[in-house]
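For my numbering, count along the sequence shown from 1 and bump the result up by 1311. Report on the structure given below.
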Amino acid sequence: MRESHRAEADRLLVRAVEEEVRRSGGRTDGGALLARGRGALESLAAGAAEEYAAYTHALEAAEAERLSGRFSRKSLGTPVLVTAVATAAAIGADVALGTATGVALGAGAVVAVAGAATTVAKVTASHWPAAHQRAGAAGRPGGTEQLRLQWLTALEVRGIRPFLDQQRVLISANRRPAKKSAPQLRGGDRSAAARRRTVLEQSFGHLPQPDGPFAGRRAEMAQIAQWVHAARASTETRPTVVVIHGDPGSGRTALAVRAAHRLKDQFRGACVVDLRGGDAGEAPLSTRDALLHLLNRLGAPREQLLFRERTSPEQQVRRLSELYHRHLTDLPVTVVLDDASDPEQVATLVPERSESLVLVTARQPLELPAATPAWVHQLPLEALDGAGAEELLREIAPAGPGAAGAPYDAQSADRVRELCGGLPLALRVAGSSLGERTAQRLAADLAAYGRGGPVERALWLRYTDQGEQARRLLRRLALAGRASLGAAAAAALLATDEQEAGQLLTALSGAGLIDHVRASRYRLHDAVRTFAQARLQDEEKAADRTAAQERLIRNYAELADSVIRLVDGKTSTRADLFKTAAGAHGFASLDAALRWLDEESSFITATLRHAEGVDQQAVLDLLGALCDYCLLRGDLYRLGEISELTQAVDQGLLVRSVQWRTGIAARQLGELDKARTTLTSVVDLYREAQHDAGAARALGSLGITLHHQGNLPEASAKLREALALQSADGLAGDRAWTLHALAAVERDRGGLAEAVSLLATALVLHRESESVHGEAWTHFQLGQVCLRMGDVPRAEGELAEALELYGRTRDARGEAWALTQLARARLVDGEASSAVGGLRDALARHRENEDARGEAWTLYYLGQALEENGDRDQAVRELERARTMFSRMRDVYGLACARHHSGRVTRDQRAAQTGNLRNSGFARQLLADARADFHRIGLAHGEAWTCLELAIVDAGNNRAAQALQLCDEATALFESYGDLRGADWARFLRCTLLPYASAGGTEVGSVVAEQELTELSAARHALRDGKLEDCADAYAVMLGRGVSLEDGWQAWQLGMVPTRHAREVMGVPVETTPA
1312 MRESHRAEAD RLLVRAVEEE VRRSGGRTDG GALLARGRGA LESLAAGAAE EYAAYTHALE
1372 AAEAERLSGR FSRKSLGTPV LVTAVATAAA IGADVALGTA TGVALGAGAV VAVAGAATTV
1432 AKVTASHWPA AHQRAGAAGR PGGTEQLRLQ WLTALEVRGI RPFLDQQRVL ISANRRPAKK
1492 SAPQLRGGDR SAAARRRTVL EQSFGHLPQP DGPFAGRRAE MAQIAQWVHA ARASTETRPT
1552 VVVIHGDPGS GRTALAVRAA HRLKDQFRGA CVVDLRGGDA GEAPLSTRDA LLHLLNRLGA
1612 PREQLLFRER TSPEQQVRRL SELYHRHLTD LPVTVVLDDA SDPEQVATLV PERSESLVLV
1672 TARQPLELPA ATPAWVHQLP LEALDGAGAE ELLREIAPAG PGAAGAPYDA QSADRVRELC
1732 GGLPLALRVA GSSLGERTAQ RLAADLAAYG RGGPVERALW LRYTDQGEQA RRLLRRLALA
1792 GRASLGAAAA AALLATDEQE AGQLLTALSG AGLIDHVRAS RYRLHDAVRT FAQARLQDEE
1852 KAADRTAAQE RLIRNYAELA DSVIRLVDGK TSTRADLFKT AAGAHGFASL DAALRWLDEE
1912 SSFITATLRH AEGVDQQAVL DLLGALCDYC LLRGDLYRLG EISELTQAVD QGLLVRSVQW
1972 RTGIAARQLG ELDKARTTLT SVVDLYREAQ HDAGAARALG SLGITLHHQG NLPEASAKLR
2032 EALALQSADG LAGDRAWTLH ALAAVERDRG GLAEAVSLLA TALVLHRESE SVHGEAWTHF
2092 QLGQVCLRMG DVPRAEGELA EALELYGRTR DARGEAWALT QLARARLVDG EASSAVGGLR
2152 DALARHRENE DARGEAWTLY YLGQALEENG DRDQAVRELE RARTMFSRMR DVYGLACARH
2212 HSGRVTRDQR AAQTGNLRNS GFARQLLADA RADFHRIGLA HGEAWTCLEL AIVDAGNNRA
2272 AQALQLCDEA TALFESYGDL RGADWARFLR CTLLPYASAG GTEVGSVVAE QELTELSAAR
2332 HALRDGKLED CADAYAVMLG RGVSLEDGWQ AWQLGMVPTR HAREVMGVPV ETTPA
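Rendered as structure tokens:
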């Protein structure tokens, strides 16, 4: 089309789309519909090609008769010639009569102009009547205007309208009925909202507790609350930023934390980030790490926290910033940015598009960029006045001989405030001695320490008041960095027992030298840590400092390893550490041990950042235990931190150990390709280092990943290779984990007998190695094997045992999987309604754990349960969702299973609508794709059953010969792994097809079918499907009465085909049964 004509067609399309949007009541996406229409405009115009050709032909003809056409060479030839001759004659006559040349030329020019004007006037005078005549003809039949209207009408009727009708049908087909889908959507929304609400509520628990004295800051607290209320009253949705600035020790952080607690009811969550801007001895926290910390505390997707590619830090900061702002849109939270120094960094961390409160503590006022979309306020913290200092000292002063009956000494109190500079930290530290000293003596003692500022003066006073052991502990606490710690760390630093260490911590806290965080956790104030670090350098030898640091790491490695050993048992990483781990370290139970590790994990991570010069084996043990804890808890943020830390250190053994766990975490997230790549590289690294135990562990994890991807033959090969490396007695714990993983692969491949044997051995080894977690997974796999065998009571017993053990180890992911399989057991037992409820509960748990693979398999079983419950439409939707998730994860086995059942249910859904199997094209394509997938991964069980479902489709579409061939292929596949139950169904379907596909005709086929059916009925066995017996007897009666070709294949209509339940149970003989 010409550009002008394309514009006309586009305007017509726009008007038609607007009308369609109005007709749908606004439900149709006009922009998307218009974009699709414009993309298909050429094909739409093809329907009006004939009218368009007539229109353009008429336009070309009309172009020739326009005024410009009358000035063509043909029209102007004669007038121009006459004018030229007259001009030449005039010039020649004047020259002949003796006129001057100039006058002669002038006369000639006059003649030429007159001739030209006459010609133009003549042409114009003749054009106007013709133009009016053409204008009238344009609107008459055959005119250009009429042809234009005919073209646009044809374009609308034959192009645009059919296109819009087609789009309407597609939109209606893709739109779920509100009545049926609403309950499920609300359930999904409730699950997601509940998880986010739980994470945000837990975030308040990570705030330091507002313990201890706090006085003289009521006005500042009220001012913060007033600013928050003013922002809430505004019509704009903008965060409130309060920059609290003052000298070190002025109580900036305490004010911010107490404000966060006091305003808790107005916000959904809270988080404190230490930006380290004022610490000269440590690099400030990067914006990237601050964003990761905030996202972790406020419930962001875990994959963003584990995989931290650092190819372009700027791009990653930009991506994390976008994720942070998107996550907190319309979500009011409190963010405390402690010890900030960079206004640009603060501006990046301010959550836009929410009514959040950002409390920034800094030494100097921070002027944020003018473009920051927030209400920004500056709040200076001055020294406490006399009343405030007096109130604080009164709250701090303990009862003691110096305080009993002592009169109030206002002058001495003012002197103490002056010497402490009015700073709350200095007053708190110095005032803690008022029980031992009078105010006058305290003032005198403070004045004696004339060196340094007010805070350092108070610290010197209380430092010298402590005993030698307490002073040594304070100095060595500087080795712990900024993290909170407990009695275990203090005991390791002093090489003493935890009871004495706990008493010393209490004494230091009473002296105001350490801050109480929560429960029995303490940390150093930044100013106190600087003081302690200086005392450590001056008063202790480097060897003593290194020994204390190494003792701390070694002690924590032993403690953490003992906790993980209680969960995972004696594996090659911790087999020789402790024979009685729980008793050796005072853990009364597994639950107490896990609680301890929950509290200490942050401290351990911080300690690992300062492990230079420490025994690398102790560091490796501590890293391994912490990584295993992260996998158990799903704390992928901390695992990402550890991974970065080891990469920065770049020591082979550490990197391999952490990279192995990172690959396992990627598998848990559903990133199977990334997990496979990572674990393959780890196997190569261990082999290069000739570390057989490590290579075997990595091979086992790689085999599990390959299993999850559906590559069953290779998974089996990798796991058997790992077993060969784990034959030594010292690796029995590792071998147990590999055995139950191999059993799961063999179960899916149809080797039930081998799976049972492997699991029985694994269970014995797990019990010998005291692995509660390993026992849980073995019982879980045994439960699934029992379901494959059709033994539902025993399966439920095994799965219930697994669920109880998962609960003891606090493995939420394992608990969700056990709930899925328990609900599946209800489905196998025929209780579809109960299974639907259980699967929905399990689905919510998997979503809370962000376990994509668990969610996909639960959706898969939910689709089958809904089919059994009679809701085929919803079943198809759930199976399609599972299929999409399996495809995204590259799980070929799961994808093939989802395609198989989706094709089967789709076929039955269409057949129920039409009464026959003749509209099963899409279903057959799904089944054909499923068969190809099963064949590619070498899964005979899946391929055989898919062949039978394809045979049913072909038989219902009068392709009996093809169906018969598919039955023969299915029989061969069932026999390849000894599935008697499946082979029975394949032979029975063959009998139903022989009368219609036999080369000898119906009579011969009926005779052969009757003979084979008799043989099938005679070959009874315990694994046969009960329904097949009834079908065989009924079909024998039909054969006796005779089969009519005109009636067609009747087995499907009579229900003589295998159901979903027939495929659920494998008919493979198992001599031994699980104990």
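Glycine residues also receive a C-beta, built at the ideal position from the N, C-alpha and C atoms.
Buried/exposed call for residue i, threshold 16 Cβ in 10 Å
i: THR1394; result: buried
i: PHE2285; result: buried
i: LEU2365; result: exposed
i: LYS1890; result: Residue confidence for LYS1890 is low, a pLDDT of 42 falling below 50, so the modelled location carries little weight; the figure read from the coordinates is stated next. Under this definition LYS1890 is an exposed residue.
i: ASN2160; result: buried
i: ASP1641; result: exposed
i: SER1954; result: buried
i: THR1464; result: exposed
i: ALA1318; result: exposed
i: ARG2331; result: exposed
i: GLY1711; result: Because GLY1711 carries a pLDDT of 44, less than 50, the predicted location of this residue cannot be relied on, and the following value inherits that uncertainty. GLY1711 should be labelled exposed.
CB contact flag (residue i, residue j, <8 Å)
i: GLU2179; j: ALA2222; result: no
i: PHE2197; j: ALA2243; result: no
i: ARG1834; j: GLU1910; result: no
i: ASP1653; j: GLY1588; result: yes
i: ALA1789; j: GLN1860; result: no
i: ASP2240; j: ARG2210; result: yes
i: VAL2096; j: ARG2058; result: yes
i: LEU1730; j: ARG1768; result: yes
i: VAL2381; j: VAL2067; result: yes
i: ARG1569; j: LEU1692; result: no
i: LEU2023; j: LEU2050; result: no
Cα-Cα separation, residue i to residue j
i: GLY2141; j: ASP2182; result: 15 Å
i: GLU1809; j: ILE1864; result: 16 Å
i: LYS2029; j: GLY2021; result: 14 Å
i: TRP2296; j: ALA1356; result: 55 Å
i: GLY1763; j: SER1723; result: 21 Å
i: ARG2192; j: TYR2172; result: 12 Å
i: ALA2413; j: SER1968; result: As displayed, the chain neither begins before 1312 nor continues past 2386, which places residue 2413 out of reach and without an answer.
i: GLY1696; j: VAL1661; result: Note on residue identity: the sequence assigns Asp, not Gly, to residue 1696. Rounded to the nearest angstrom, the two C-alpha atoms are 33 Å apart.
i: LEU1908; j: LEU1947; result: 16 Å
i: LEU2300; j: ALA2186; result: 26 Å
i: LEU2190; j: LEU2237; result: 12 Å
i: LEU2150; j: THR2169; result: 6 Å
i: ASP2162; j: GLU2126; result: 12 Å
i: ALA1320; j: ARG1349; result: 10 Å
i: THR1412; j: LYS1433; result: 32 Å
i: LEU1603; j: LEU1950; result: 12 Å
i: ASN2227; j: CYS2208; result: 25 Å
For residue j and residue i, believed in contact at Cβ under 8 Å, the rounded distance
i: ILE1825; j: TYR1867; result: Incorrect: roughly 19 Å between the Cβ atoms, too far for contact.
i: THR1455; j: LEU1324; result: That belief does not hold up - the Cβ atoms of THR1455 and LEU1324 are roughly 22 Å apart, past 8 Å.
i: ALA2343; j: SER2328; result: 5 Å
i: ASP1649; j: LEU1586; result: 6 Å
i: ARG1793; j: ALA1917; result: 7 Å
i: ARG2046; j: LEU2074; result: Going by Cβ atoms, the distance from ARG2046 to LEU2074 rounds to 12 Å, so no, they are not a contact pair.
i: LEU2110; j: GLN2092; result: No, LEU2110 and GLN2092 are not in contact; Cβ-Cβ is about 10 Å, not under 8 Å.
**Message:** For the pair the region 2073–2090 and the region 2269–2279, tell me if three or more CB-CB distances fall below 8 Å.
**Reply:** no
**Prompt:** Does the region 1809–1823 come close enough to the region 1869–1883 that 3 or more CB-CB pairs lie under 8 Å?
**Reply:** no
**Message:** Quick test of the definition: if touching needs 3 or more C-beta pairs under 8 Å, does the region 1738–1749 touch the region 1532–1542?
**Reply:** no
**Message:** Count Cβ pairs between the region 2028–2047 and the region 2002–2012 that sit closer than 8 Å; are there 3 or more?
**Reply:** yes
**Message:** I'd like to know if the region 2349–2363 and the region 2275–2283 are in contact, where contact means that at least 3 CB-CB pairs between them fall below 8 Å.
**Reply:** no
**Asked** Is there contact between the region 1512–1522 and the region 1684–1698, where contact requires at least three CB pairs shorter than 8 Å?
**Response** no
**Prompt:** Are the region 2260–2267 and the region 2037–2044 touching, with three or more C-beta to C-beta distances below 8 Å?
**Reply:** no
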